[in-house]
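Report on the following structure.
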Amino acid sequence: MIDLHTHTTCSDGTDSPLALVKKAASSGITVLGVTDHDSTAGWQEAIDGLHGNLQLALGAEVSCLTTDGISVHMLGLLFDGNNHPLQQLLSDSRDTRIPRMRKMIENLQGAGYDISIEDVEASTPVGATIGRPHLADALVAKKIVSSRDEAFKELLHNDSPFYVSHFAPTPEDSIRAIRSAGGVAVIAHPFASRRGQTLTPESFAPLVDAGLNGIEVFHRDQSEDERKQLLVIAKALNLVVTGSSDYHGTGKLNQLGENTTAEAEWERLESMTDQRRVASR
Ligand code: AMP
Ligand code: ZN
Ligand code: FE
Ligand code: FE
């Protein structure tokens, strides 16, 4: 079972990298993607936890914004973790998440919610890429909402009056940075319409020109119809088709291995890196 998209406590997942690797191995996963938001901080702990036949496709899920302001998530896999321009791009993204979080908190305070940056820091694991799920956890801890899901539905969704965006590269720039670092770029859940505005079918060709390798088709946030449309696009543009859980531990309902990538698609994707970087024991 190949699951190429998961999160740990290095971003907004609730399992440590070590706990995730153990869980993956005991769940029958053969290739696990570790793709924290805008961070590679979990890579070493995941490698140190390797056992049995589990293989790791280390990566990151890069937050992007199109010039039209549409939020896009780009999975970078199997890139050189020491590539300076890519690490700089990730750290710029992480840095602007802090003032962005302060602004979202100010917006909530302005509407009378009793929440502070200290509350959110208390809900954020040390070294994690700070994001809305940590704000959600702080709102749960203060009994303002009862779950992450309720926090997003009521207060934190993309069209909410409290929402603020942060600096993010365009999808094209992030693809170029990932490819220049030797890795492969797979666009995550591009038609997940229930998350907000999505790309149009016409927006994929420029991404392919920038070096896009694949499309995440099988993902719980994409309907049967959205998956069908994506399969047509992937075929027309000769892109690799992936499926993955987007596992976040107890932070979301997504279960490890609930969607997977076919062996042949994985092999094709892996052959597109500049050198072999799959980690195994
Ligand atoms: P941010 O990167 O700070 O904009 O936050 C986006 C993150 O929030 C994504 O990783 C999603 O997985 C997470 N998210 C979005 N909607 C929900 C939800 N309803 N419940 C839990 N997490 C969510
Ligand atoms: Zn997340
Ligand atoms: Fe995502
Ligand atoms: Fe994700």
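The sequence shown begins at 339 in our numbering and counts up by one. Glycine included, every Cβ here is placed at the ideal spot set by N, Cα and C. Quick caveat, the model's predicted, so the values are computed rather than measured.
Mapping the DSSP letters down to three states, classify L569 as helix, strand or coil. Sequence index remark: in the sequence shown, residue 569 carries index 231 (1-based). Residue state, collapsed to three classes: helix.
Report yes or no: do three or more beta-carbon pairs, one from the segment 507-515 and one from the segment 418-433, lie closer than 8 Å? With the cut-off at 8 Å, the segment 507-515 and the segment 418-433 touch.
Quick one: residues in its chain with C-beta nearer than 7 Å to the C-beta of A635, no 5 flanking neighbours on either side, listed in chain order? For the chain, the structure presents residues 339 to 619; residue 635 sits outside this window and is missing.
Is T538 buried or exposed, if buried means 16 or more other CB atoms sit within 10 Å of its CB? Position 200 of the sequence shown, counted from the first residue, corresponds to residue 538. The residue in question, T538, is exposed, as its Cβ has fewer than 16 Cβ neighbours within 10 Å.
Starting from the C-beta of V546, find all residues in its chain whose C-beta is less than 6 Å away, skip the five residues before and the five after it, and write them out in chain order. Locating residue 546 in the sequence shown gives position 208, where the first residue counts as 1. Here the set comprises L575.
Taking the alpha-carbon of S401 as reference, which of G552, D374, Q382 has the nearest alpha-carbon? Here residue 401 refers to the residue found at position 63 of the sequence shown. The option with the nearest alpha carbon to S401 is D374.
Where does S583 land, buried or exposed, given buried means 16+ other C-beta within 10 angstroms? Locating residue 583 in the sequence shown gives position 245, counting from the first residue. Here S583 is buried, its C-beta having at least 16 other C-beta atoms within 10 Å.
Bounding residues of the alpha helix (DSSP H) (the contiguous stretch that carries H472): As a working note, residue 472 is residue 134 in the sequence shown. It spans 470-479 - the alpha helix (DSSP H) in which H472 sits, taken as one unbroken run.
Straight-line gap, E605 to Y585 (C-alpha atoms, nearest Å): Against the sequence shown, residue 605 aligns to sequence position 267. Against the sequence shown, residue 585 aligns to sequence position 247. Rounded to whole angstroms, E605 to Y585 spans 22 Å at the Cα level.
What's the gap between the Cα of F556 and the Cα of T598? Counting from one through the sequence shown, the residue named residue 556 turns up at place 218. Counting from one through the sequence shown, the residue named residue 598 turns up at place 260. Rounded to the nearest whole angstrom, the C-alpha separation of F556 and T598 is 7 Å.
Strand pairing of T373, partner residues [DSSP]: Counted from its first residue, the sequence shown places residue 373 at position 35. DSSP output for T373 lists G397 as bridge partner(s).
Threshold first: 3 residues or longer. Then list the beta strand (DSSP E) segments lying entirely within the segment 510-580, N to C. Here the runs fully enclosed are 522-526, 552-556.
Closest by CA to I455, which one among G448, A449, I443, K566? The residue you call residue 455 lines up with position 117 of the sequence shown. Measuring from the Cα of I455, the nearest candidate turns out to be I443.
Just reading off the alpha helix (DSSP H) that M442 is part of, what are its end residues? In the sequence shown, counting from the first residue as 1, residue 442 sits at position 104. Per DSSP, M442 belongs to the alpha helix (DSSP H) from 422-448.
Thinking just about the alpha-carbon of each residue, which of S484, N496, A474, L415 is nearest to the one in E399? To locate residue 399, count along the sequence shown from 1; it is residue 61. Checking every option, the nearest Cα to that of E399 belongs to L415.
CB contact flag (S461, D452, <7 Å): Position 123 of the sequence shown holds residue 461. Position 114 of the sequence shown holds residue 452. Taking a C-beta distance under 7 Å as the contact criterion, S461 and D452 do not qualify as a contact pair.
Could you name the residues that DSSP lists as bridge partners for I455? Along the sequence shown, read from residue 1 onward, the residue named residue 455 stands at position 117. DSSP output for I455 lists no bridge partner at all.
Could you tell me the boundaries of the alpha helix (DSSP H) in which S364 lies? As a working note, residue 364 is residue 26 in the sequence shown. Run containing S364: 355-364, per the alpha helix (DSSP H) assignment.
If you draw a straight line from the C-alpha of Q593 to the C-alpha of S365, how long is it? Residue numbering aside, residue 593 sits at position 255 when the sequence shown is read from its first letter. Residue numbering aside, residue 365 sits at position 27 when the sequence shown is read from its first letter. CA-CA distance, Q593 to S365, rounds to 10 Å.
Grab the span of the alpha helix (DSSP H) containing L607 for me, first residue to last. Within the sequence shown, the letter at position 269 stands for residue 607. In the DSSP annotation of this structure, the continuous segment of the alpha helix (DSSP H) that includes L607 starts and ends at 601-608.
Can E596 be considered in contact with ligand 4, in the sense that its beta carbon sits closer than 6 Å to one or more heavy atoms? Here residue 596 refers to the residue found at position 258 when the sequence shown is read from its first residue. Not a single heavy atom of ligand 4 lies less than 6 Å from the C-beta of E596.
Looking only at C-alpha atoms, which of S498, F542, D353 sits nearest to I553? Reading the sequence shown from its first residue, position 215 is the one you call residue 553. The alpha carbon of I553 has as its nearest neighbour, out of S498, F542, D353, the alpha carbon of F542.
What are the boundary residues of the alpha helix (DSSP H) that includes R486? Taking the sequence shown and counting its residues from 1, the one referred to as residue 486 is at position 148. Here the alpha helix (DSSP H) through R486 covers 486-489.
To which residues does DSSP link D341 through a beta bridge? Here the question's residue 341 lines up with position 3 in the sequence shown. In the DSSP assignment, D341 is bridged to L370.
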